[in-house]
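Asks: Quick note, the sequences are listed as chains Z and G, same order.
Read the first sequence against the working numbering and you will find it ends at 363, with the numbers running on by one and no gaps.
Read the second sequence against the working numbering and you will find it ends at 875, with the numbers running on by one and no gaps.
In this text, a Cβ means the ideal position worked out from N, Cα and C, and glycines have one as well.
Following this message is one structure expressed as structure tokens.
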Amino acid sequence: MREHVPDDQGMILVLLFVVGNTLVFGLGGVAGPDIWLAFLTATVMALPMILLMARVRSLMQGAALYSGLEQVFGKWPSRGLALVYALYAWRLSCFVVSDVSNFVQAIALPNTPKVVVASILALLMLWAAKEGVEVLARFAVVMSKVVFAVLLVTFILLLSVANPAEFLPVMYDGAKPVFLGAFQLLDFPFLEVVVLFWVFDCFSSKRSPFKVFVPGFLSAALILLVMTSTSLAVVGADRYSVFYFPIWTAVSRINVSTMRLEAIVGVTFAIGSFLKMAVCLLAASRCVTYAFGFSDYRFVVTPLALAVIPGSQWLITTLMEVEKSAIKTYPTSATIYQVVLPVVFWVVAEIRVAKARHQGKGG
Amino acid sequence: MFFWQKTKKNAPQPRGLDDLNPSLEINLHWLKADILASDETIVYRRFKTSGAKARDCVLVYADNMVKHEFLSQFVLRPMMQSSPPKHLRGEELIRYLSANVIESDGSELVARYGEIGDKIMNGVAVLLVDGCPLGIAVDAKGWPKRAVTEPPSESVVRGPRTGFSEDLGVNISLVRLKLSSPNFKTRFLYVGTQTKTKVAILYLDNVTSLDLVEEVARRIDAIEIDAVLDSGYIQEMIRDAPYSPFPTIGHTERPDVAAAKILEGRVAVLVDGSPFALTVPYLLVEAFQVNEDYYNQWMVGSFHRLIRYISYFITTSTPAIYIALISYHPQLIPTNLVVSISASRKNVPFPGIVEVILMGLVFEILREGGVRLPRPIGQAISIVGAIVLGEAAVSASLVSAPMIIVVGVTGVAGFVNPALNDIAVLIRLLFVFLAAGLGLYGYVFGTIAIVLLLSSMESFGVPYLSTMTTIRPQDIKDTVVRVPWWQMRLRPRYLATKDRQRLQRRTGSKGP
């Protein structure tokens, strides 16, 4: 069955996917006070890749994803690619589940085993993935209103405790930290958008992929830039990279008549993360289904979702490992999935489509 | 006559589909012995026409279902005074009587026993004349009817005072009075193998998608049930998402509400004998919309609507958030409040969740007890519940004082949205258990589950959350707030598929 997502809902889905589980983490801490520059650089660097993904999707001319893929790449290569991305999406889903369960344990429920939270999340995302991308997109729009409201309020309140002097001096250590920070931001979270490529089944028009991916990505980048920079101005550049959850720490500095707000940010983090893990699970299930030639993806969802429970516990066990893997091991593999393969996609797609068009004209 | 003689020996066989016989006596025999057997309310009034060749006639009707005065004045008297030409017989005669003698606007010819039975059960009198294989059905419906009064469940301060009654014809005319346009269409269906209840589908054919009308008709047609006593039967048989507790079909007792929904592109279903009109598709926002929002000034209307949303949040979430805060996140409560809460909880032996469930249960019992009792006793119950039990429970240290406030606020806020109040109890319980186990995060997981359920639901092909899942400005003008009428130029996108224009041009004194 073809699932059709309206452009505005698709855009919000992309936005929340990118903002998703990044809301409490200290992104681009390497850049120090130049974090905003790192964000801008990363956005500029990511934009061509986002455009490229939208272009590949638009070359399929509104066909359903997998029939479009087969037209462009042929049967076996596209199945191989799907399997590779299934692994990537499933692993990402494990990471996000582990992020949330680690976060909840560290912040609120120190005595509750992580696997409890992970299991509840796995069951919820199992349900969400079975409902499909249309339902996820509607869910994203409803939840985005809560997330935006919370972010707006916390941003305004953060401004009262922020110290703009923390951004100075600009580029004291030169351009290197800026680029290091930008590269960190690229593979987590900006270019993870590649997962969404496998989720949208078909679009309403040829221009829709651009209308969905580009504004969604840009607004997410803007939100992250604003929230992260403000948090850095609150906690200070040197301490920003020390905390596991600097945005959360920054919000805990707000006092509204002896009442504190950080749990609300935690709540938006949980919502965004949930959406991200569900999207990843959906992508993984659809890729597996396609790779093995099954007719319906829904029966694959359950085993994959249940596998996420041990996966999230084994792949990453502690918060320190999250930090380590995010900086050291993750970038290398991520580059292949997020940059190399999409570029190959694009080149092949352009050549094939041009050739087909040429033959069409000739014959 | 062979057939007649043969069957006379045996017990009468059902012959509902058989044609009438020319002999009046045979017809009466079959009516009395089979179709209308063992029913002592049926009246067989025998009389003759005047003139040289008097004909034997019988007027058959169900007592108390017809207007006796009407029958005497416009059927019996003219028939008795008439003298039909001698040469007329059979079908010609009956056509002559129908055209020249019977003084009623609602008369038609009937040819089968089964038809006669159905008609008589619905307050129609049937005239049979000797020698004619046809009868004349005269519409003389007249049973006790309730007056058109304001419905008690949807009373308004500002707005029309009319409400539906139990009579389908009256109900249709009430809607038609609001939508006096040739585009207003009505279609009839009959449901119930025993009752053959008349069901009407109402829509505007220049606004509503005909696919929707067909789908509604198809689903109603597919119902095979013995009886339909209220629109509630149909509501449950044709709904989407039957396992979800949220309503996917709207109901109203007010013609103005039904008309407004039809104008937005919905279809209304009226059932004979039920004062509740059904409207489909039904979206979640409708549970928060009240007709007075549109009759009052828009800012006032919007404010009341906001209050409704906030109340629903309060009624579903307060106990869960309270438990999460006192058990897991006391740092989020202002310090003074934490101190006073913990002081009041000092002597209470139970954890928060037990208190919530205990008090919630007491509240629900009091409510259920109060609903079905006569008003004075209901009030006594409320006083006993609220003051005596609440006060006593606190002083006996069974529950803490803040918990009484939480449960009280929760209960009162629930009454603001009657359409969703029953479900609020279930949602509240889910949230309370999750919050007791996982704090605020449990509550968030519960919210995610509820929103996911709502996102996955549809009502007649329209997403249940449709106006909440868009960021197009035009589509959200009538959701959380109600913008001024002059701004609502278009009808809802998902409903009015044919003609979306509501305001023809820039109208209104302040229109931008």
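State yes or no: is the C-beta of residue 854 of chain G nearer than 7 Å to some heavy atom of the ligand FMN?
Replies: What this structure holds is no ligand at all, so the ligand FMN is not there to describe.
Asks: Judging by CA-CA distance, which residue of G:568, G:574, G:609 and G:717 is the nearest neighbour of residue 787 of chain G?
Replies: Minimum Cα distance to residue 787 of chain G is reached at G:609.
Asks: Beta-carbon of residue 863 of chain G versus every beta-carbon of chain Z: anything under 8 Å?
Replies: Cβ-Cβ to chain Z under 8 Å: no for residue 863 of chain G.
Asks: Please return the same chain residues whose Cβ sits closer than 6 Å to the Cβ of residue 495 of chain G, not counting the five positions on each side in sequence.
Replies: The residues are 453, 456 and 457.
Asks: When the Cα of residue 473 of chain G is compared with those of G:860, G:482 and G:465, which residue comes out closest?
Replies: The residue with the shortest Cα to Cα distance from residue 473 of chain G is G:482.
Asks: Of all the options G:405, G:863 and G:774, which has the alpha carbon lying nearest to the alpha carbon of residue 428 of chain G?
Replies: Among G:405, G:863 and G:774, the Cα nearest to that of residue 428 of chain G is on G:405.
Asks: Distance check for residue 92 of chain Z and residue 345 of chain Z, CA to CA, integer angstroms please.
Replies: Each residue's alpha carbon lies about 21 Å from the other.
Asks: I want to verify the contact list: residues of chain Z whose CB lies under 7 Å from the CB of residue 814 of chain G, in sequence order.
Replies: By Cβ distance, chain Z contributes 139, 142 and 143.
Asks: Between the region 633-652 of chain G and the region 517-535 of chain G, can you find at least three pairs of beta-carbon atoms closer than 8 Å?
Replies: With the cut-off at 8 Å, the region 517-535 of chain G and the region 633-652 of chain G touch.
Asks: Count the other CB atoms within 10 Å of the CB of residue 718 of chain G; is the residue buried (16 or more) or exposed (fewer)?
Replies: Classification of residue 718 of chain G: buried, given that the 10 Å Cβ count is 16 or more.
Asks: Over the uninterrupted beta strand (DSSP E) stretch that includes residue 425 of chain G, give me the two end residues.
Replies: It spans 419-425 - the beta strand (DSSP E) in which residue 425 of chain G sits, taken as one unbroken run.
Asks: Tell me which residues share the same chain as residue 311 of chain Z and place their Cβ nearer than 6 Å to its Cβ, disregarding the 5 neighbours each side in the sequence.
Replies: If we look at residue 311 of chain Z and ignore the five residues flanking it on each side, its Cβ neighbours are 94.
Asks: Does any CB atom of chain Z fall closer than 8 Å to the CB of residue 818 of chain G?
Replies: Interface residue, yes.
Asks: Suppose you measure from the CA of residue 231 of chain Z to the CA of residue 219 of chain Z; what does that come to, to the nearest Å?
Replies: About 18 Å.
Asks: Could you tell me the distance, in whole angstroms, from the CA atom of residue 688 of chain G to the CA atom of residue 695 of chain G?
Replies: Approximately 7 Å, taken between the alpha carbons.
Asks: Tell me where the beta strand (DSSP E) around residue 586 of chain G begins and ends.
Replies: Unbroken run through residue 586 of chain G: none, as it is neither H nor E.
Asks: Return the chain-ordered list of same chain residues with a C-beta closer than 6 Å to the C-beta of residue 523 of chain G, the five sequence neighbours on each side being excluded.
Replies: For residue 523 of chain G, where only same-chain residues beyond five positions count, the Cβ hits under 6 Å are 619.
Asks: Less than 8 Å between the beta carbons of residue 413 of chain G and residue 444 of chain G, yes or no?
Replies: Cβ atoms of residue 413 of chain G and residue 444 of chain G: closer than 8 Å.
Asks: Take residue 206 of chain Z as the anchor and find which of Z:43, Z:136, Z:68 and Z:24 has the nearest alpha-carbon.
Replies: Answer by Cα proximity: Z:68.
Asks: What do you reckon, are the CB atoms on residue 349 of chain Z and residue 244 of chain Z nearer than 8 Å?
Replies: Result no, Cβ atoms of residue 349 of chain Z and residue 244 of chain Z do not sit closer than 8 Å.
Asks: If you reduce the DSSP assignment to three classes, tell me which class residue 493 of chain G lands in.
Replies: Coil at residue 493 of chain G, not helix or strand.
Asks: Using a Cβ-Cβ cut-off of less than 8 Å, give me the residues of the region 701-721 of chain G that come near chain Z, in sequence order.
Replies: Residues: none.
Asks: Determine contact between the region 272-286 of chain Z and the region 14-26 of chain Z, defined as no fewer than three beta-carbon pairs at a distance below 8 Å.
Replies: The answer is yes - the region 14-26 of chain Z touches the region 272-286 of chain Z, with three or more Cβ pairs under 8 Å.
Asks: Considering just the uninterrupted stretch of the beta strand (DSSP E) at residue 405 of chain G, what are its terminal residues?
Replies: 405-411 is the span of the beta strand (DSSP E), which, as asked, contains residue 405 of chain G.
Asks: Taking 8 Å as the cut-off, decide whether the C-beta atoms of residue 876 of chain G and residue 806 of chain G are in contact.
Replies: The question about residue 876 of chain G has no answer, for chain G in this structure spans 364 to 875.
Asks: With burial defined as no fewer than 16 other Cβ atoms inside 10 Å of the residue's Cβ, what is the status of residue 546 of chain G: buried or exposed?
Replies: Result: exposed.
Asks: Mind listing, in chain order, the continuous beta strand (DSSP E) runs of no fewer than 3 residues lying wholly within the region 159-205 of chain Z?
Replies: For the region 159-205 of chain Z, not a single whole beta strand (DSSP E) run of length 3 or above is found.
Asks: Please determine if the region 45-56 of chain Z and the region 177-191 of chain Z are in contact, where contact requires at least 3 C-beta pairs separated by less than 8 Å.
Replies: Result yes; three or more Cβ-Cβ pairs closer than 8 Å.
Asks: Locate the beta strand (DSSP E) running through residue 548 of chain G, then write down its first and last residues.
Replies: Where residue 548 of chain G is concerned, the enclosing beta strand (DSSP E) stretches over 547-554.
Asks: Buried or exposed: which applies to residue 192 of chain Z, given that a residue is buried once 16 or more other Cβ atoms fall within 10 Å of its Cβ?
Replies: Residue 192 of chain Z should be labelled buried.
Asks: Rounded to the nearest angstrom, what separates residue 26 of chain Z and residue 102 of chain Z at their Cα positions?
Replies: If I take the Cα positions, the gap works out to 15 Å.
Asks: I'd like the list of long-range same chain contacts for residue 13 of chain Z, defined as Cβ closer than 6 Å, with 5 residues on each side in sequence excluded.
Replies: Correct list, in chain order: 137 and 140.
Asks: So for residue 845 of chain G, helix, strand or coil by DSSP?
Replies: Residue 845 of chain G falls in the strand class under three-state DSSP.
Asks: Would you say residue 223 of chain Z faces chain G, with C-beta separation under 8 Å as the test?
Replies: No, because no Cβ of chain G sits closer than 8 Å to the Cβ of residue 223 of chain Z.
Asks: For residue 369 of chain G, collect the residues of the same chain with a Cβ closer than 8 Å to its Cβ; drop the 5 residues on either side in sequence, then sort them by chain order.
Replies: At residue 369 of chain G the pLDDT is 48, less than 50, meaning the model places this residue with poor confidence and gives no usable figure here.
Asks: Anything in chain Z within Cβ reach of residue 691 of chain G, meaning under 8 Å, just list it in chain order.
Replies: Those are 108 and 109, listed as they occur along chain Z.
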